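Data first, discussion second: the structure below is written as structure tokens.
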Amino acid sequence: MQYIPFGKTRKEVSRLGFGTMRLPTANNEKGESVIKRDEAIKMIRHAIDHGVNYVDTAYGYHQGESEVVTGLALKDGYRERVMLTTKLPQWLVKEAPDMDRLLDEQLKKLDVDFLDFYLLHALDLAAFRRLKSLGYQEFLKRAQTDGRIRHTGFSFHDGKDAFIEIIDDYPWDMAQIQFNYLDDEAQATLEGLQYAGKRGVPVVVMEPLRGGALANPPPEVKHLIDGNKRGYSPVEWAFRYCGQYSEVATILSGMSSMEQVEDNLRVFEHTSPGNLDLQDQAFVKTLKDAYLKRLKVACTACGYCQPCPEGVRIPDIFEIYNEAYMLDRQESLEQRYGIVVKAEADASHCVACGQCEAICPQQLPIIGLIRDIHGEATTHAG
Ligand SMILES: NC(=O)c1ccc[n+]([C@@H]2O[C@H](COP(=O)([O-])OP(=O)(O)OC[C@H]3O[C@@H](n4cnc5c(N)ncnc54)[C@H](OP(=O)(O)O)[C@@H]3O)[C@@H](O)[C@H]2O)c1
Numbered sequence: 022m023q024y025i026p027f028g029k030t031r032k033e034v035s036r037l038g039f040g041t042m043r044l045p046t047a048n049n050e051k052g053e054s055v056i057k058r059d060e061a062i063k064m065i066r067h068a069i070d071h072g073v074n075y076v077d078t079a080y081g082y083h084q085g086e087s088e089v090v091t092g093l094a095l096k097d098g099y100r101e102r103v104m105l106t107t108k109l110p111q112w113l114v115k116e117a118p119d120m121d122r123l124l125d126e127q128l129k130k131l132d133v134d135f136l137d138f139y140l141l142h143a144l145d146l147a148a149f150r151r152l153k154s155l156g157y158q159e160f161l162k163r164a165q166t167d168g169r170i171r172h173t174g175f176s177f178h179d180g181k182d183a184f185i186e187i188i189d190d191y192p193w194d195m196a197q198i199q200f201n202y203l204d205d206e207a208q209a210t211l212e213g214l215q216y217a218g219k220r221g222v223p224v225v226v227m228e229p230l231r232g233g234a235l236a237n238p239p240p241e242v243k244h245l246i247d248g249n250k251r252g253y254s255p256v257e258w259a260f261r262y263c264g265q266y267s268e269v270a271t272i273l274s275g276m277s278s279m280e281q282v283e284d285n286l287r288v289f290e291h292t293s294p295g296n297l298d299l300q301d302q303a304f305v306k307t308l309k310d311a312y313l314k315r316l317k318v319a320c321t322a323c324g325y326c327q328p329c330p331e332g333v334r335i336p337d338i339f340e341i342y343n344e345a346y347m348l349d350r351q352e353s354l355e356q357r358y359g360i361v362v363k364a365e366a367d368a369s370h371c372v373a374c375g376q377c378e379a380i381c382p383q384q385l386p387i388i389g390l391i392r393d394i395h396g397e398a399t400t401h402a403g
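Residue 403, in the working numbering, is where the sequence shown stops; the numbers in between run on with no holes.
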């Protein structure tokens, strides 16, 4: 296992962190998906026995069961061997006292006295500003002073400018971002990652395999990987890509089987900063380009077409469509498009006024494109 200094903790953190959002599950007698507890506990402990010293959970993972199972896995002396992180479900915070109440509930569920890190979960700019108005800074300071948490941070899903605003607002001990070789220009971006590094804020990476998609590449990407002399697997390329950056502290993997734990432990023998030479870095870029070639619509998500007078979320529709083809997951199109339909922001509301086409910098024939996508994404719908 590779380790790296972890900011203000004065500790070294393992480069592989255990994310407990995708533990193995089975259906119970009521047909509900529940964690296979024995197997999950074995996997977490096996990872710790082989050098992992960072475990990430959250209030909402596995419908609230992840914190409980993580707490059980950390019994029998395992708690002392790891840095433990959970997150404030900010969407449940309606008024300031909710923050203390939720933290206390989480400590109980995990059955621990303190957390090494407590993160504000899934911040975008709007959520962040709301928490700021409710006094998140005072809350975090209070929780540190009374010993319930040791370090602070936030996890993030928005764009680079929002990331910088949040980073600059508080002396964070870490930031958790979605980062992988497809997303170096999305979300916080590589630039945001490096900005955090310059501010002395270590970054924890989530979704290094794009939620598993990079482990199962489409044929042309797989062909490139099979032909590379290094002989790395798709997973190894993706982890090595994240690992090459010294700003990255630990890389979370949401492992869902013991085989994945074993495989990742093996890969993380080789993920120190600088582990990819220039040729390797160029190769990863060719992988990214091969994915991008699968994009169907040249939308850059600039947002000029928004707001649509009829509320059609045009960039979201294109993103869902592009992702389905880029990741070779066409079967997910209907389900993800359904979210836009539910929000009454789908293409059926288009009245062909043409306002969007007149302003689109890419000159996309938006009206026809979204009509066709709607047809494809709702083929099987009632
Ligand atoms: N704070 C937030 O907003 C937030 C959001 C997302 C994630 N997270 C945290 O970050 C963690 C990591 O994100 P993630 O779970 O999305 O990570 P990820 O590594 O991008 O995806 C995990 C998935 O990758 C696949 N996988 C992992 N190792 C593999 C291997 N060796 N071979 C083949 N497939 C492999 C598995 O997919 P299959 O099960 O399909 O095989 C697994 O479920 C989460 O578990 C969670 O703790 C936080």
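By construction, the Cβ of each residue, glycine as well, lies at the ideal position given by its N, Cα and C atoms. For clarity, every value in this text was computed on a predicted model and none was experimentally measured.
Go through its chain and collect everything with a Cβ distance to residue i's Cβ below 7 Å, but skip five positions before and after it.
| i | result |
| --- | --- |
| Gly403 | In this prediction, Gly403 scores a pLDDT of 46, lower than 50, which makes its location untrustworthy; the coordinate-derived value is nonetheless stated afterwards. Around Gly403: no qualifying Cβ. |
| Lys250 | none |
| Asp137 | Met104, Leu105, Thr106, Arg171 and His172 |
Rounded to the nearest angstrom, what separates residue i and residue j at their Cα positions?
| i | j | result |
| --- | --- | --- |
| Leu273 | Gly375 | 44 Å |
| Tyr82 | Gly40 | 10 Å |
| Lys115 | Leu144 | 15 Å |
| Thr210 | Asp204 | 7 Å |
| Glu241 | Glu344 | 16 Å |
| Lys129 | Ala68 | 24 Å |
| Cys371 | Glu33 | 54 Å |
| Gln356 | Thr107 | 29 Å |
| His172 | Phe27 | 11 Å |
| Gly389 | Lys29 | 53 Å |
| Phe149 | Asp190 | 10 Å |
| Arg66 | Asp367 | 45 Å |
| Ser293 | Gln300 | 17 Å |
| Ala183 | Asp132 | 34 Å |
| Tyr266 | Glu331 | 44 Å |
Check for me: the alpha helix (DSSP H) holding residue i runs from which residue to which?
| i | result |
| --- | --- |
| Val242 | Pro240 to Gly248 |
| Ser306 | According to the sequence as given, residue 306 is Lys; it is not Ser. Where Lys306 is concerned, the enclosing alpha helix (DSSP H) stretches over Leu299 to Leu313. |
| Leu131 | Pro118 to Leu131 |
Grab the span of the beta strand (DSSP E) containing residue i for me, first residue to last.
| i | result |
| --- | --- |
| Gly180 | No beta strand (DSSP E) holds Gly180; DSSP gives it neither H nor E. |
| Asp137 | Leu136 to Leu144 |
| Val76 | Tyr75 to Asp77 |
| Phe410 | What the structure shows of the chain is the stretch from 22 to 403, and residue 410 is not part of that stretch, so it cannot be assessed. |
| Met104 | Met104 to Leu109 |
| Ser254 | Segment: none, Ser254 is in no beta strand (DSSP E) and carries neither H nor E. |
| Leu273 | Val269 to Ser274 |
| Ala196 | Met195 to Gln199 |
Among the residues of its own chain, which have a CB less than 6 Å from the CB of residue i, if the five just before and after it don't count?
| i | result |
| --- | --- |
| Tyr262 | Tyr202 and Val305 |
| Arg315 | Tyr346 and Met347 |
| Pro238 | Pro255 |
| Val269 | Val224, Val226 and Cys263 |
In chain order, what residues of the same chain lie with their CB nearer than 8 Å to the CB of residue i, ignoring the 5 residues before and after it?
| i | result |
| --- | --- |
| Pro386 | Glu378 |
| Met22 | Ser35, Arg36, Leu37, His71, Gly72, Val73, Leu286, Phe289 and Glu290 |
| Ala61 | Thr41, Leu44, Pro45, Val90 and Ala94 |
Using the Cβ count rule (16 or more neighbours within 10 Å means buried), how would you classify residue i?
| i | result |
| --- | --- |
| Thr78 | buried |
| Leu313 | exposed |
| Ser87 | buried |
| Thr400 | exposed |
| Cys329 | buried |
| Asp97 | exposed |
| Gln84 | exposed |
| Gln351 | exposed |
Roughly how far, in whole angstroms, is the beta-carbon of residue i from the beta-carbon of residue j, given that I think they are within contact range, below 8 Å?
| i | j | result |
| --- | --- | --- |
| His142 | Leu109 | 6 Å |
| Phe177 | Ile187 | 7 Å |
| Gly174 | Gln197 | 6 Å |
| Cys320 | Ile380 | Not really, about 13 Å apart at Cβ, beyond 8 Å. |
| Pro118 | Ser278 | About 41 Å separates the two Cβ atoms, so there is no contact after all. |
| Trp193 | Val225 | About 11 Å separates the two Cβ atoms, so there is no contact after all. |
| Leu124 | Tyr139 | 7 Å |
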